[in-house]
Amino acid sequence: MDSKLIIYNTLSRQKELFRPLNAPYVGMYVCGPTVYGDAHLGHARPAITFDVVFRYLKHLGYKVRYVRNITDVGHLEHDADDGEDKIAKKARLENLEPMEVAQFYTDRYHAAMDRLNVLHPSIEPHASGHIIEQIELVQKILDAGLAYESNGSIYFDIRKYQEQTKKYGCLSGRAIEDQLSTTRELDGQDDKRASSDFALWKKAAPEHIMRWNSPWSVGFPGWHTECTAMGTKYLGENFDIHGGGMDLIFPHHESEIAQQTAVTGHGPCKYWMHNNMITINGKKMGKSLGNFITLDEFFSGSHKDKDGNEMLEKAYSPMTIRFFILQAHYRSTVDFSNEALQAAEKGYSRLMQAYKTLGSLQASKTSSVDISKYTSNCYDAINDDFNTPIVIAHLFEAVKTINSVHDKKDTLTQADIDELKRLFDVFAFDILGLTDESASDNAAVVNGLMDMILDIRAKAKANKDWTTSDAIRDKLKEIGITVKDGKDGATWSIE
RNA sequence: GGUCUCUUGACCGAGUGGCUAGGUACCGGUCUGCAAAACCGUUUACUCCAGUUCGAAUCUGGAAGAGACCUCCA
905 MDSKLIIYNT LSRQKELFRP LNAPYVGMYV CGPTVYGDAH LGHARPAITF
955 DVVFRYLKHL GYKVRYVRNI TDVGHLEHDA DDGEDKIAKK ARLENLEPME
1005 VAQFYTDRYH AAMDRLNVLH PSIEPHASGH IIEQIELVQK ILDAGLAYES
1055 NGSIYFDIRK YQEQTKKYGC LSGRAIEDQL STTRELDGQD DKRASSDFAL
1105 WKKAAPEHIM RWNSPWSVGF PGWHTECTAM GTKYLGENFD IHGGGMDLIF
1155 PHHESEIAQQ TAVTGHGPCK YWMHNNMITI NGKKMGKSLG NFITLDEFFS
1205 GSHKDKDGNE MLEKAYSPMT IRFFILQAHY RSTVDFSNEA LQAAEKGYSR
1255 LMQAYKTLGS LQASKTSSVD ISKYTSNCYD AINDDFNTPI VIAHLFEAVK
1305 TINSVHDKKD TLTQADIDEL KRLFDVFAFD ILGLTDESAS DNAAVVNGLM
1355 DMILDIRAKA KANKDWTTSD AIRDKLKEIG ITVKDGKDGA TWSIE
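In C-alpha cells form, the structure reads like this:
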C-alpha cells in the first residue's frame, strides 16, 4: 500500500506525494451535479476523472469512501427572479413539484453515468435531505462570531474572518482586500455588510417554493453550506481529497474552506483536486453560454445549437466519450470537435480489437519482444497525477506487440501473453474503466448467426461466386456489420 | 480592470534542458479476387523576440494571441 502516487494539490499548487490521513481509509468528496437539466459533456469530465481516482485508489488497496452530492436545493439565481433558486424556477416553468424536477434529472444523470461506466459513489447525499445539518453548521458559524443576521438571512462575515485568519483566498490565490474595497453594485446585496460576504441562510421570498423552517426565517440554505455539512457528516472534519471542476475554486471551494475553518480552525481536506474544462470552439462548454451538448445528444447523434446548426456529424458511443476524455490529462482543457471524437472512436476500437486478438494468440517457446516494462510504465504514468493519456500510450505499445505477434512477425510466451492480458484487465478495464461495447448480452446468438453466414460466404468464395460473397458482405455492411477477410478466414465487427 | 493559465506537426493531445510520446488522418509498401483490417515505412512540430547554457520546444525576461475565474456554471 506504500504507493508512489503523486497528486497535484490546488492548495499548494504543487504535486505532492499522496499520504492518506488514516490509511488504509481514504475519504473523497466530489461536487456533484445540480439536477435541473440534462448532463452535458462538461459534467462527464469530473465524473470520469474522479471515477478513475476512485478506481485507482481502490486498486491500490485503500478502503475508499467516495461521497458525491446531488444538489437538489438549487443555488440562487442571479438575475431577474431575485432569491429564487434554479430548481424552483424550473419547477414553476414546468408546473411541477420541485422534487419532481430534481428526481427526473437525477434519474437521467444516473442513466448517463451508468452508460459511461462511472461507478456509483459510496454515498450520494442530497442537499435537501441535509437541511438540519446545514442549519447546525450555520449556527456554529454564528456561535463563532463569524456570521451575522440581516433581515432573516445569515451572511458569512468575510472581513472578520480575514482579520482572524487571513485565509480567505488561500485556495484561489486572490487577494480579498481588492474585493472588500470593490465599489461594484450587485443586485440583492443590500443586506450584506460587504459585497464579498456570502449567504449561509437565505430568507425565502413569498414566491419561492423551496423553503424550510430555521431559527432565523423560513428560507433555504446558502450556496456553499451543503458540501461542508455533508462532507463533515460522512467523511469527518478533515478528510483526504476534495474534488470538483476548476470553475468551482472560487467562490465555492474557497467558501467551503472558510466555513469549515470558522468551525474547526482548519480546512476540510488535505488535497484539493480540480479538473479542467471542456471547450467547444475554444470556449468553455457551459450552461451560461448555451453552447453545451448533452450526453444523450452525443449518444443519439442529434443536436441543434441555438442557430439550428447540427453540431454532431454522427452519434458517439459512451465509451468513445470516455476514451476521448481520458486521452487528455484531467488538468488540461480538452477541445471538442467531430474530428477529435472520431479519432478517439477509432483508437478505442483498435484497443478493444487488440484485446480480442490477444485471446487468440498462439504462444511460442520464446518471446521476441520485451514486455516487462509495459506494466511498470503504466503504473508510473497513473502515479504521476493520474496521467491517463500516457497510460493509453503505453497500452498502444502493447497493441502494437499483440498485432505483430498475430501477424507472426513477433513471438510471445504464454506467460507473456498472460501478462499482457493482465495489463489490459487492470489498466484498460479496472482503472480506466473502459468496457468492450461490442460485447453484448445476446452475443452468443449473434456469434452463432455470424458463424453460419460467414460459412456460407466462405463456400461461395471457394466456388469463386463473388456475386454472392460480395452481396453478403454488402448487406451486412448495411446493417452495420463489417466483414474483413484474412488469411485464416473472415472476421467481423459491429460498428 | 484584477488574479491565474495556456500557445506543440493536417487534427487531437503527452512530455522533457541533449536520446524526435501516443492516437487519428495522409502517402508509399506487404497482404488480398476486390475491399477492409493488420503490419512495415515515410512526411508534417514545439506562437514570436531577446537572454542563460556546450546545448532550449523545455529555464529567465519581454511581446502577441487565446482561455478560466472575479456572478449560477463540471
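Here the numbering used here is used: the first residue of the first sequence is 905, the next is one more, and so on.
Cβ atoms here follow ideal geometry from the backbone N, Cα and C, with glycine treated the same way.
Bear in mind that the values here come from a model prediction, so they are computed numbers and not experimental data.
For L1380, I'd like the list of residues in its chain whose CB is within less than 8 Å of its CB, leaving aside the five on either flank, ordered along the chain.
I1357, T1386, V1387, W1396
L921: buried (16+ other C-beta within 10 angstroms of its C-beta) or exposed?
exposed
Beta-carbon separation of M1177 and N973 under 8 Å?
no
Give the DSSP-derived three-state secondary structure of T1395 in the structure shown.
strand
Could you check where the alpha helix (DSSP H) with L1324 kicks off and where it finishes?
Where L1324 is concerned, the enclosing alpha helix (DSSP H) stretches over 1318–1327.
G1390: buried (16+ other C-beta within 10 angstroms of its C-beta) or exposed?
G1390 comes out exposed.
Look at the alpha carbon of P1025 and the alpha carbon of N1367, and state the distance between them as a whole number of angstroms.
58 Å
What's the gap between the Cα of G941 and the Cα of T1183?
Each residue's alpha carbon lies about 19 Å from the other.
Check whether the Cβ atoms of N1179 and M1150 lie closer than 8 Å to each other.
Cβ distance < 8 Å, so N1179 and M1150 count as in contact.
Under a Cβ-count criterion, where at least 16 other Cβ atoms within 10 Å of its own Cβ denotes burial, should H1170 be classed as buried or exposed?
exposed
V968 lies in the alpha helix (DSSP H); which residues open and close that run?
Not the alpha helix (DSSP H): V968 falls in the beta strand (DSSP E), residues 967–972.
Give every residue of the same chain whose Cβ lies closer than 7 Å to the Cβ of L1139, excluding the five residues on either side of it in the sequence, and list them in chain order.
The beta carbon of L1139 sits closer than 7 Å to the beta carbons of G931, Y933, R969, V971 from its chain, once the five residues preceding and following it are set aside; these are given in chain order.
What does DSSP give as the partner residues of T1027 in its beta bridges?
Sequence inspection shows Ile at residue 1027; the Thr mentioned does not correspond to that position. Bridge partners of I1027: V971.
Answer with buried or exposed for N913, where buried requires no fewer than 16 other C-beta atoms within 10 angstroms of its C-beta.
Under a 10 Å Cβ-count criterion, N913 is classified as buried, with 16 or more other Cβ atoms of the shown protein chains found around its own Cβ.
So F1143 is in the alpha helix (DSSP H); what residue range does that whole segment cover?
Under the DSSP assignment, F1143 falls outside any alpha helix (DSSP H), being part of the beta strand (DSSP E) whose first and last residues are 1143–1149.
Alpha carbon to alpha carbon, what distance is there between D1061 and Y1013?
It is roughly 36 Å from the alpha-carbon of Y1013 to the alpha-carbon of D1061.
So is I1383 buried or exposed if we call it buried at 16+ other beta carbons inside 10 Å?
exposed
In whole angstroms, give me the CA-to-CA distance for T1224 and E1243.
12 Å
Can you have a look at G1393 and say buried or exposed, based on whether 16 or more other CB atoms are within 10 angstroms of its CB?
exposed
Where do the N-terminal and C-terminal ends of the alpha helix (DSSP H) with P950 fall, by residue?
945–963
Take the Cβ of A1375 as the centre, count every other Cβ of all protein chains shown within 10 Å, and call the residue buried at 16 or more, exposed below.
exposed
Across which residues does DSSP place Q918 in a beta bridge pair?
BP columns for Q918 point to N913.
Give me the Cα-Cα distance between N1351 and S1342, rounded to the nearest whole angstrom.
Going from the Cα of N1351 to the Cα of S1342 covers about 11 Å.
Run the CB neighbour count on W1105, radius 10 Å, all protein chains shown included, and call it buried at 16 or more, exposed below.
buried
Could you please give the first and the last residue of the uninterrupted alpha helix (DSSP H) stretch that includes I1197?
Segment: none, I1197 is in no alpha helix (DSSP H) and carries neither H nor E.
Compare the C-alpha of I1036 against each of R1115, D1359, K994, A1297 and name the closest.
R1115
Specify whether the stretch 947–962 and the stretch 1003–1022 touch according to this definition: at least 3 beta carbon pairs, one from each stretch, less than 8 Å apart.
yes
Roughly how many whole angstroms lie between the Cα atoms of K1363 and K1269?
35 Å
Using CA coordinates, which residue listed in A1108, R923, V957, S907 is at the minimum distance from F1233?
Checking the sequence, you will find His at residue 1233 rather than Phe. A check of alpha carbon separations from H1233 across A1108, R923, V957, S907 identifies V957 as the nearest.
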